[in-house]
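A.B. asks:
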Amino acid sequence: MTRALETIGAWLLAILWILPLAYAFWTAFHPPEFSTRFELFAPLTLQNFVNAWNAAPFARYFVNTVMLVALILGVQLVLVTLAAYAFARYEFRGRDVMFALVLVQLMIMPDVLIVENYRTMAALDLTDTITAIGLPYMASAFGIFLLRQTFKTIPRELDEAARVEGAGSLRVLWEVYVPLSRPVYIAYALVSVSYHWNNFLWPLIVTNSVGSRPLTVGLQVFSSTDQGIDWSIITAATLLTSGPLLVAFLLFQRQFVQSFMRAGIR
Amino acid sequence: MNRASAQVQIHGWLLLLPAAALLALFTHYPALATLWHSLHSTPKGVRPAVWVGLDNYRGLVEDPVFWQVLGNNLWFAAGTIPASIALALLMAVWVNGKISGRGFLRLAYFTPTVLPMIAVANIWLFFYTPTYGLLEQFTVGLLGLPSHNWLGTKSTVLSCLIVVTIWKEAGFFMIFYLAALQAIPPSLGEAAAIEGAGRWYCFRRVTFPLLMPTTLFVLVNAVINSFRLVDHIVVMTRGGPDNASSLLLYYIYDVGFKFWDSAYASTLTMVLLAILGTAAILQFAFLERRIHYR
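Here you go:
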């Protein structure tokens, strides 16, 4: 009896949870006159997407976001790997203090240091560039922490065996540590990509032209100025910007969920 | 010091150097610079910034908007944190058990997490729209209640934002509970069942205590998020009406990038850093205990 009630409860909650999204889909795929009228056989259309695509430089925004996400992830992977290797396997002086200083970023994220970071970017003459959006996030404390924990679990015997064969430190890192940590790298990459694809406030502050704006900022500029209240087009644009991530999520649901789980266990 | 050891020292530091330099430039330096600039005036035109001591802090204490925004943020935290954690736990327990349509349920609960907050805000903005929005269609059209401007009224706007945040976050926190639940050996529940314990009793006395470390982890994340995430405010309300939905970080954004009063924005940021720092210290204290617990 309680089981049945729980099942009903779970389903009601799920329907409630999916409702806003379903509503957005309805509006985006139907002509404007049906955006708030629900008829089962209302005609489907892609016109809203076409209109949205033509009304703003979304192609450029897409390119910017892909470049941004790739740049951040690329630099992150290199920096985080090197730093994690140092923390996991080198006993240098000041290591524990440095590690504590790295962990500070887990609490005080670049997201809240907008005023000073903007000042820095202005001083470096980098405002309104994709580099400026990415720079504060490139040394990721979260990534260093995650990989350090992983590297620590790799048996030292493997490390020493490679060294006996004459491999230097960097080759050991590349041939032993990196391959053995692949699942963690995938998890980290998924978390990083979805975080930066979705990031908004800092890019909003530091960019002010089409050439550097990522999708999230482009969407906001588009929906707040260009379009009065044509909801069909705004929801179409909204789905457009979150589309790639949403499709990737639906295709690789299991990896996504496992990655977020892995990233959270520490 | 022998040669091998010196080499270890140098290699260790070299490996760390690039990440450390960037962290210093974009986390440690700005945190300290915030303090420095909060003790100075905002440079205007040809007039450079001058040392003003605690004047900005005096201004802060006398700024009614600051207190209003801080209060809003505390209400926002109180409204989002317990509710999203409780829902996350409920969802995790449901999709961890044998329930029909488990795949769909997981998908439905988790999907809001993948969407950008800004997209979420756009969708909900439409949902709350007077007259046309789904909410009004339901309350006015079906229930016959009088029309109400949910986002335009001071008394309801913050609650509306709280609902959006819970919707966005619960599925994310569910994942961590799900991971923790799967790590609990089923034999524990079976043993409790043999002893004649009911499911609720078993949850309360066995499962929930075992989930304590996860709850703490999620709690810290929820606290940080409630002070870090203001994307939806930019889209939905811009802090209005009359600052009724402005949060601390949004106010910093307003002061810093609309009024260009960088010194006062730094002063406000110091308050935010103090709150996050306190959260860090509390977490550290709890984490220590967690290690002893295991």
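Protein chains in written order, with my numbering: chain Y, 13 to 278; chain H, 40 to 333.
Just so you know, even glycine gets a beta-carbon here, dropped at the ideal spot from N, CA and C.
Note that the coordinates shown come from a computational prediction; the quantities given were computed from them, not determined experimentally.
Determine the chain H residues that contact Y/Q117 at a beta-carbon separation under 8 angstroms, and present them in chain order.
C.D. replies: Going along chain H in sequence order, the residues near Y/Q117 (Cβ under 8 angstroms) are L62, T66.
A.B. asks: Below 8 angstroms on the Cβ atoms is my guess for Y/V229 versus Y/L216; work out the distance and round it to an integer in Å.
C.D. replies: Between Y/L216 and Y/V229 the Cβ distance is about 5 angstroms, and since that is below 8 angstroms, they are a contact.
A.B. asks: Does the beta-carbon of H/N161 have 16 or more other beta-carbons within 10 angstroms, so that it is buried, or is it exposed?
C.D. replies: With 16 or more Cβ atoms within 10 Å of its Cβ, H/N161 is classed as buried.
A.B. asks: Chain H beta carbons: is any one of them nearer than 9 angstroms to that of Y/A82?
C.D. replies: Judged by the 9 angstroms Cβ criterion, Y/A82 is not in contact with chain H.
A.B. asks: Excluding the five sequence neighbours on either side, which residues of its own chain have a C-beta within less than 7 angstroms of the C-beta of H/S186, listed in chain order?
C.D. replies: For H/S186, where only same-chain residues beyond five positions count, the Cβ hits under 7 angstroms are P169, T170, E175, V179.
A.B. asks: Does the beta-carbon distance from Y/I126 to H/I291 come in below 9 angstroms?
C.D. replies: Yes.
A.B. asks: Between which residues of its own chain and H/P151 is the CB-CB distance below 7 angstroms, once the five residues before and five after are set aside?
C.D. replies: Cβ neighbours of H/P151 beyond the five flanking positions: V159, W206, K207, G210.
A.B. asks: Using a cut-off of 7 angstroms between C-beta atoms, extract the partners of Y/N210 located in chain H.
C.D. replies: In chain order: P155, M156.
A.B. asks: Could you spell out the range, first to last residue, of the alpha helix (DSSP H) harbouring H/Q107?
C.D. replies: Its alpha helix (DSSP H) spans residues 103–135.
A.B. asks: Going by beta carbon distance, what residues of the same chain come within less than 8 angstroms of Y/L115, once the five residues before and after it are set aside?
C.D. replies: Correct list, in chain order: A153, F157.
A.B. asks: Y/G129 CB to nearest chain H CB: under 9 angstroms?
C.D. replies: With the sequence shown as reference, residue 129 of chain Y is identified as Asn, and Gly is not the correct amino acid for it. Closer than 9 angstroms: yes.
A.B. asks: Hey, how far is the Cα of H/L200 from the Cα of Y/L185?
C.D. replies: One C-alpha to the other measures close to 47 angstroms.
A.B. asks: Of all Cβ atoms in chain H, is any one closer than 9 angstroms to the Cβ of Y/L213?
C.D. replies: By this cut-off, Y/L213 is an interface position.
A.B. asks: Could you pull out every unbroken alpha helix (DSSP H) segment of at least 4 residues lying fully inside the stretch 273–312 of chain H, listed in chain order?
C.D. replies: Those alpha helix (DSSP H) runs which fall completely within the stretch 273–312 of chain H and span 4+ residues are 287–296.
A.B. asks: Against Y/R183, what residues of chain H qualify as contacts under a CB-to-CB distance less than 7 angstroms, listed in chain order?
C.D. replies: Going along chain H, no residue has its Cβ under 7 angstroms from Y/R183, so there is no contact; the nearest lies around 13 angstroms.
A.B. asks: Can you give the Cα-Cα distance for H/V294 and Y/L263, rounded to whole angstroms?
C.D. replies: Answer to the nearest angstrom: the Cα atoms are 43 angstroms apart.
A.B. asks: Is the Cβ-Cβ distance between Y/F41 and Y/L56 less than 9 angstroms?
C.D. replies: Contact: yes.
A.B. asks: Between which residues of its own chain and H/L227 is the CB-CB distance below 6 angstroms, once the five residues before and five after are set aside?
C.D. replies: For H/L227, where only same-chain residues beyond five positions count, the Cβ hits under 6 angstroms are V245.
A.B. asks: Closest Cβ-Cβ distance between Y/M110 and chain H: below 9 angstroms?
C.D. replies: With 9 angstroms as the cut-off, Y/M110 counts as an interface residue toward chain H.
A.B. asks: Under 8 angstroms: do the stretch 251–261 of chain H and the stretch 69–88 of chain H share three or more Cβ pairs, one atom per stretch?
C.D. replies: No, the stretch 251–261 of chain H does not touch the stretch 69–88 of chain H.
A.B. asks: Could you tell me which chain H residues have their CB closer than 9 angstroms to the CB of Y/P122, listed as they occur along the chain?
C.D. replies: Ordered by position in chain H, the residues that pass the 9 angstroms Cβ test against Y/P122 are F65, T66, P69.
A.B. asks: Just to make sure I have the definition right: I need the residues of chain Y whose C-beta is within less than 9 angstroms of the C-beta of H/L217. Which are they?
C.D. replies: Within chain Y, the residues near H/L217 are V269, M273.
A.B. asks: Contact check, Y/S47 vs Y/S244 under 8 angstroms by CB: the rounded distance?
C.D. replies: About 5 angstroms; that satisfies the 8 angstroms criterion.
A.B. asks: Taking DSSP's pairing of strands, which residues face H/K83 in a bridge?
C.D. replies: H/K83 pairs with H/R86.
A.B. asks: In angstroms, rounded to a whole number, what distance separates the CA positions of H/Y148 and Y/L25?
C.D. replies: C-alpha separation (whole angstroms): 8 angstroms.
A.B. asks: Using the beta-carbon count (16 or more within 10 Å), is H/F212 buried or exposed?
C.D. replies: Buried, by the Cβ-count rule.
A.B. asks: Are H/S265 and H/I120 touching if we call contact CB-CB under 9 angstroms?
C.D. replies: Yes, these two residues count as a Cβ contact at 9 angstroms.
A.B. asks: So, is the C-beta of H/D406 closer than 9 angstroms to a C-beta in chain Y?
C.D. replies: As shown, chain H starts at 40 and ends at 333. That puts residue 406 of chain H outside it, with no answer to give.
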